[in-house]
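There are 2 protein chains.
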Amino acid sequence: MLYTFHLLTENPPMPDDSPSKRGGFRAGAGRKKGSSAYGETTRAIRVPESLIPEVTTMLAIRKRQFETVKSCSADVLVPAPRLNAVKIPLFIGKVAAGFPSPADDYIEKTLDLNDLLIKKPAATFFVRAEGESMLGAGIHPNDILIVDRSLKPVLGKIVICALNGELTVKRLKKLGGEIVLAAENPVYPDIHIRENSELVIWGVVTNVIHAV
Amino acid sequence: MLYTFHLLTENPPMPDDSPSKRGGFRAGAGRKKGSSAYGETTRAIRVPESLIPEVTTMLAIRKRQFETVKSCSADVLVPAPRLNAVKIPLFIGKVAAGFPSPADDYIEKTLDLNDLLIKKPAATFFVRAEGESMLGAGIHPNDILIVDRSLKPVLGKIVICALNGELTVKRLKKLGGEIVLAAENPVYPDIHIRENSELVIWGVVTNVIHAV
DNA sequence: CTAATTGAATGCTGTACACTTTTCATTTGT
DNA sequence: ACAAATGAAAAGTGTACAGCATTCAATTAG
Numbered sequence: 001m002l003y004t005f006h007l008l009t010e011n012p013p014m015p016d017d018s019p020s021k022r023g024g025f026r027a028g029a030g031r032k033k034g035s036s037a038y039g040e041t042t043r044a045i046r047v048p049e050s051l052i053p054e055v056t057t058m059l060a061i062r063k064r065q066f067e068t069v070k071s072c073s074a075d076v077l078v079p080a081p082r083l084n085a086v087k088i089p090l091f092i093g094k095v096a097a098g099f100p101s102p103a104d105d106y107i108e109k110t111l112d113l114n115d116l117l118i119k120k121p122a123a124t125f126f127v128r129a130e131g132e133s134m135l136g137a138g139i140h141p142n143d144i145l146i147v148d149r150s151l152k153p154v155l156g157k158i159v160i161c162a163l164n165g166e167l168t169v170k171r172l173k174k175l176g177g178e179i180v181l182a183a184e185n186p187v188y189p190d191i192h193i194r195e196n197s198e199l200v201i202w203g204v205v206t207n208v209i210h211a212v
Numbered sequence: 213m214l215y216t217f218h219l220l221t222e223n224p225p226m227p228d229d230s231p232s233k234r235g236g237f238r239a240g241a242g243r244k245k246g247s248s249a250y251g252e253t254t255r256a257i258r259v260p261e262s263l264i265p266e267v268t269t270m271l272a273i274r275k276r277q278f279e280t281v282k283s284c285s286a287d288v289l290v291p292a293p294r295l296n297a298v299k300i301p302l303f304i305g306k307v308a309a310g311f312p313s314p315a316d317d318y319i320e321k322t323l324d325l326n327d328l329l330i331k332k333p334a335a336t337f338f339v340r341a342e343g344e345s346m347l348g349a350g351i352h353p354n355d356i357l358i359v360d361r362s363l364k365p366v367l368g369k370i371v372i373c374a375l376n377g378e379l380t381v382k383r384l385k386k387l388g389g390e391i392v393l394a395a396e397n398p399v400y401p402d403i404h405i406r407e408n409s410e411l412v413i414w415g416v417v418t419n420v421i422h423a424v
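Taken in sequence, the protein lines are chains A and B. Okay, so the first sequence: first residue is 1 according to our numbering, each after it adds one. Okay, so the second sequence: first residue is 213 according to our numbering, each after it adds one.
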């Protein structure tokens, strides 16, 4: 072990009587926490090579989502990781990892909001609604939308999508062979998708949590 | 740069006239390649903390699968990673990452065996069939089965499952409230699932590749 | 006064490396 | 002859760390 000695002052490594240099110790300096491409800290883990494309895809999606969210200043959340991790029955007893087996009948169940609202934790995320364009569908400002990105965005469903990089909630429709993102409020116009616009559907809204 | 000099013999680092010690250079010594928990080499990649439970689950599933496969000496494959990685349209143009958007209508398509047989590359794997218990379903020994583990194993489907750690292919049935793994060959008996047996359903067989 | 420049501080990132685990020819024991 | 013990070799594994990127107060210029 190697010891170095400092006088016990407030800023041990940098005496703040330095005369003419810029910089020096300054509160607030330095890169901010959570300034990675994902908006959160990362950790290095080892992955078998055949799984790397799959993981890389997940990472790219997460990164792209974070970019869009940042530019829209929207509020996107993901189910609490710890809770879900605990709840996944991994080859224990009669349930295959993540996929319910028919033998489920024999297992007693207790009702849990997570179980009720989140079918596929890995494919679920939450978005806080903004604006009043979907009032008719029961979606009020600041409501929390539960989104399943594994569901196919069929016509008639309410979807979360990024249109030219902007995040919106609309009902998916088709009018005369043209895709339409329909608002559910007469005050707001429907959005007709042109050939050259970039539409990315993130997932299908399955539930709305509204605070009275 | 540091240079050391060796006489150019067959085993430079170890002169093989060492008299009494054990070991020394020996061809074939050392840990074997692919002796990791996954049966293949791994690489360290950085993952945002909120995705770690999801990735960890994937790893545990892969590990558990490899263990079972090893103990059964079965032949399980996964779609070639490079090919799939290239094919995933990641937020480009009008297609959302991995999930087809309705705007697909406007994109020309070419037929590809991969597209035809593999709906979800990340959830698909291949198993080489053994035995003749499923001849009636057109599954011969050494056939390659295409398995989708994202499909729900409903009654009547042919599934890959691990019963008490042993890998089998059977048709899923129910007789008098009891789950039955039914063979498709009168010579072989059906398997009735008891309360205390560990049944893990890996996925649903979607196609069979048979060599004439 | 306002805007541009500067450089220290601090978090992020990839990967090198120390340590562990596995394997097997050789040695040693019976 | 056979079996157990041994230790070097080689691959696997986690993580520390050097270098990179970002931020912002102090400084300088206009």
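Glycine included, each C-beta is placed from N, C-alpha and C at the ideal position.
Worksheet item: Can you find a C-beta in chain A that's less than 8 Å from the C-beta of Val359(B)?
Response: Chain A, which has no Cβ nearer than 8 Å to the Cβ of Val359(B), makes this no.
Subject >> Against chain B: residues of the stretch 33–59 of chain A by CB proximity under 9 Å >> reply: Within the stretch 33–59 of chain A, those residues whose Cβ lies closer than 9 Å to any Cβ of chain B are, in chain order, Ser36, Ala37, Tyr38, Gly39, Glu40, Thr41, Thr42, Arg43, Ala44, Ile45, Arg46, Val47, Pro48, Glu49, Ser50, Leu51, Ile52, Pro53, Glu54, Val55, Thr56, Thr57, Met58, Leu59.
Check your understanding: Do the stretch 151–169 of chain A and the stretch 50–62 of chain A touch if we need at least three Cβ pairs shorter than 8 Å?
Key -> No, they do not touch.
message = For Arg62(A), would you say it is in contact with chain B, using Cβ-to-Cβ distances shorter than 8 Å as the test?
response = Yes, its Cβ sits closer than 8 Å to a Cβ of chain B.
In the stretch 360–422 of chain B, which residue ranges form an unbroken beta strand (DSSP E) of at least 3 residues, counting only runs that do not cross its ends? Listed in chain order, they are 370–375, 378–387, 390–394, 411–421.
Beta-bridge pairing of Leu347(B) - partner residues as DSSP gives them: DSSP lists no beta-bridge partner residue for Leu347(B).
Query raised in the report: Glu49(A) and Thr254(B) look like a contact to me (Cβ under 8 Å); what is the Cβ gap, rounded to whole Å?
Result: Going by Cβ atoms, the distance from Glu49(A) to Thr254(B) rounds to 7 Å, so yes, they are a contact pair.
Can you say whether Ala374(B) is buried or exposed, counting buried as having 16 or more other CB atoms within 10 angstroms of its CB? Counting C-beta atoms within 10 angstroms of its own C-beta, Ala374(B) has 16 or more neighbours from the protein chains shown and is therefore classed as buried.
Once you ignore the five residues that flank Pro186(A) on each side, which residues in its own chain have a CB closer than 6 Å to its CB? Annotation for Pro186(A): no residue places its beta carbon closer than 6 Å to its own, counting only its chain and skipping 5 residues before and after.
Who pairs with Thr213(A) in a beta bridge, going by DSSP? Residue numbering for chain A in the displayed model covers 1 to 212; residue 213(A) lies beyond these limits and cannot be assessed.
Checking 8 Å against the spacing of the C-beta atoms, do Ala167(B) and Glu378(B) come in under that value? Shown here, chain B extends from 213 to 424; a query on residue 167(B) therefore has no answer.
* What's the gap between the Cα of Met346(B) and the Cα of Ile356(B)? -> If I take the Cα positions, the gap works out to 13 Å.
Please determine, among Thr168(A), Leu199(A), Arg149(A), Val169(A), the residue with the shortest C-alpha to C-alpha distance to Glu178(A).
The candidate whose alpha carbon is nearest that of Glu178(A) is Leu199(A).
Quiz prompt | Whether Val371(B) touches Val416(B) by CB criterion (8 Å) | solution = A contact, by the Cβ cut-off of 8 Å.
Review point. Excluding the five sequence neighbours on either side, which residues of its own chain have a C-beta within less than 8 Å of the C-beta of Val359(B), listed in chain order?
Key: So the qualifying residues of the chain are Thr336, Phe337, Phe338, Val339, Ile372, Trp414, Gly415, Val416, Val417, Thr418.
Could you tell me if Ile139(A) is buried or exposed, where buried requires 16 or more neighbouring beta carbons within 10 angstroms of its beta carbon?
Buried, because 16 or more other Cβ atoms sit within 10 Å of the Cβ of Ile139(A).
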